[in-house]
Amino acid sequence: MFSEKAKKNADACRFCWMCRHLCPVQLVTGKETNTPRAKGLQVSMLERGMTMDAECARTMYECLLCGACTNDCATGFDPLVFIREARTQANVLDLVPAEVRKVIDRVLETGNIYGAKEPRVDLSGVPETGDTLVWLGECARHSVPETAEALFAVLRKAGVPFAVLKNEPGSGSSLGDLLGFVEDVRAQAQRAGEAIRRSGAKRVIVLDSYDAALMRHEYKDWGVELPEIVTATACVDQLIREGRLSLKQTHEVITYHDGSRLARDLDEHEPARAILKAMGYEIHEMWQNRRLAKCCGSAVAGQYMPDIRLRVAENRWNDVKRTDAKHLTAACPQSTEALAATAPEEYRYTDLFVLVKEHL
Ligand code: SF4
Ligand code: SF4
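Structure (structure tokens):
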């Protein structure tokens, strides 16, 4: 039923309390079932003869796959392995909660969690082929198009010609979070790889860190060869270092939220901070930053558990309030979707690429 790797991880986690204080879902729901160890305990019981029921399946979806538990684990265990496999089991047993099923169906039908047919990003005049392809991801394309359009403005200012796919397919990232890494997910990855190959790109600038993490870590194992993958933050940082962007200066205090996949899966922390410093910002860090950052909620979670995602994002704003910054920024469209909608009174959120555009 579960892989040996999943069983080993679940058995290690089931009686361990060491990372429970870091789980952003447990922190806002207060439910013991939302600790990593409780999920491990349930998986180990499933392996010992317990039958998965709807409540157990629901528990497995009350997780952001943010990796805070894995990152903190001194003994090197990884709850995401068994949580993803438990989601696969829930799907096989037809126990996926109805609100999750709706999102899965939308992804299978349209390639995105929003069920959108057309992107909201203005792509007029943008070619579909070229040496540099900008991969937007579903969140920027359909929910926060200003993040994509700001990146376009920055690249144009720096003189970087780029292409964008008008019908960019799903990367497999959302479906992988919803179903585990099953064949449908690998098929999506194959289609994405084929679309990138057809664009003729030698380099792909990836805006959404969820897509970048999947492309970097899984595509090769699935036989999907890609050209050079660079995150949008690393790309803009490089353009600034090369002197291709001249930015207006400020002395404002700001704080930066490290998106989970950028900070933990991609281990990328400094380019965004270097970009902020290049504009003169004084960064006042939240106490959980870089690899320790508290997740603010993924776009996919926002679709099937909006209330929990809302409270998770509000809880990240509580960390902002413990600094003396009144302005927050982040570099992933999925962070922007969660944090822009929850800014408390007297606080401001600006996506990092929108911020750079404002400083051009
Ligand atoms: S991930 Fe590590 S610290 Fe967390 S419950 Fe499992 S064994 Fe314990
Ligand atoms: S991945 Fe994140 S949300 Fe899921 S159990 Fe671990 S800390 Fe909690």
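Residue numbers (the numbering used here): 2 to 361.
Positions of the beta carbon are idealized from the N, C-alpha and C atoms, including for glycine.
How far does the beta strand (DSSP E) with residue i in it reach, from first residue to last?
i, result
"V231", "229-232"
"W136", "133-136"
"T130", "Premise fails: T130 is in no beta strand (DSSP E) and is neither H nor E."
"Y257", "254-258"
"T330", "328-331"
"I206", "204-207"
Shortest alpha-carbon distance to residue i belongs to which of the options?
i, options, result
"T130", "R192, S4, R204", "R204"
"S336", "K295, A151, D308, Q239", "K295"
"E56", "L66, N35, D73", "N35"
"A213", "R199, S200, G201, G194", "G194"
"R291", "L267, I276, A300", "L267"
"L362", "C333, R245, C236", "Examination of residue 362 is not possible in this model, given that the chain is present from 2 through 361 alone."
"G331", "L65, Y305, I309, M287", "Checking the sequence, you will find Ala at residue 331 rather than Gly. The option with the nearest alpha carbon to A331 is M287."
"E119", "G126, D106, P146", "P146"
"R121", "L353, P128, L137, E110", "L137"
"A326", "C67, Y220, M216, Y257", "Y257"
When we look at the beta-carbon of residue i and count the other beta-carbons within 10 Å, is it buried (16 or more) or exposed?
i, result
"T76", "exposed"
"K278", "exposed"
"R142", "buried"
"F78", "buried"
"M2", "exposed"
"R265", "buried"
"L320", "A small correction: the amino acid at residue 320 is Asp; Leu does not occupy that position in the sequence shown. Classification of D320: buried, given that the 10 Å Cβ count is 16 or more."
"N168", "exposed"
"A69", "buried"
"W413", "This structure gives no information on residue 413, because the portion of the chain shown stretches from 2 to 361."
"P307", "exposed"
"P128", "exposed"
"Q43", "buried"
"G173", "buried"
"P80", "buried"
Report yes if the CB atom of residue i is closer than 7 angstroms to the CB atom of residue j, and no otherwise.
i, j, result
"V97", "A7", "no"
"R84", "M51", "Before going further, note that residue 84 is Ile rather than Arg in the sequence given. Not in contact: I84 and M51 (Cβ atoms no closer than 7 angstroms)."
"G177", "S210", "no"
"R49", "C14", "no"
"H328", "I255", "yes"
"A202", "L134", "yes"
"T234", "A273", "yes"
"V26", "N316", "no"
"V93", "Y305", "no"
"L361", "K158", "yes"
"Y348", "L340", "no"
On the DSSP letters alone, give me the boundaries of the alpha helix (DSSP H) that residue i sits inside.
i, result
"R265", "Where R265 is concerned, there is no enclosing alpha helix (DSSP H), given that its DSSP letter is neither H nor E."
"R157", "146-158"
"T354", "For clarity, residue 354 is Phe in the given sequence; the question names Thr instead. Here the alpha helix (DSSP H) through F354 covers 353-359."
"H218", "210-218"
"R121", "R121 -> no alpha helix (DSSP H), and no H or E assigned at all."
"L42", "37-48"
"L340", "334-341"
"E86", "80-93"
Checklist entry - Per the contact definition of three or more C-beta pairs closer than 8 angstroms, is the region 294-313 in contact with the region 223-242? => result no
Next on the checklist: I want to know whether the region 180-199 touches the region 144-164 - three or more CB-CB distances under 8 angstroms.
Outcome noted: no
Next on the checklist: Pairs of beta-carbons, one from the region 164-175 and one from the region 243-254, closer than 8 angstroms: are there three or more?
Outcome noted: no
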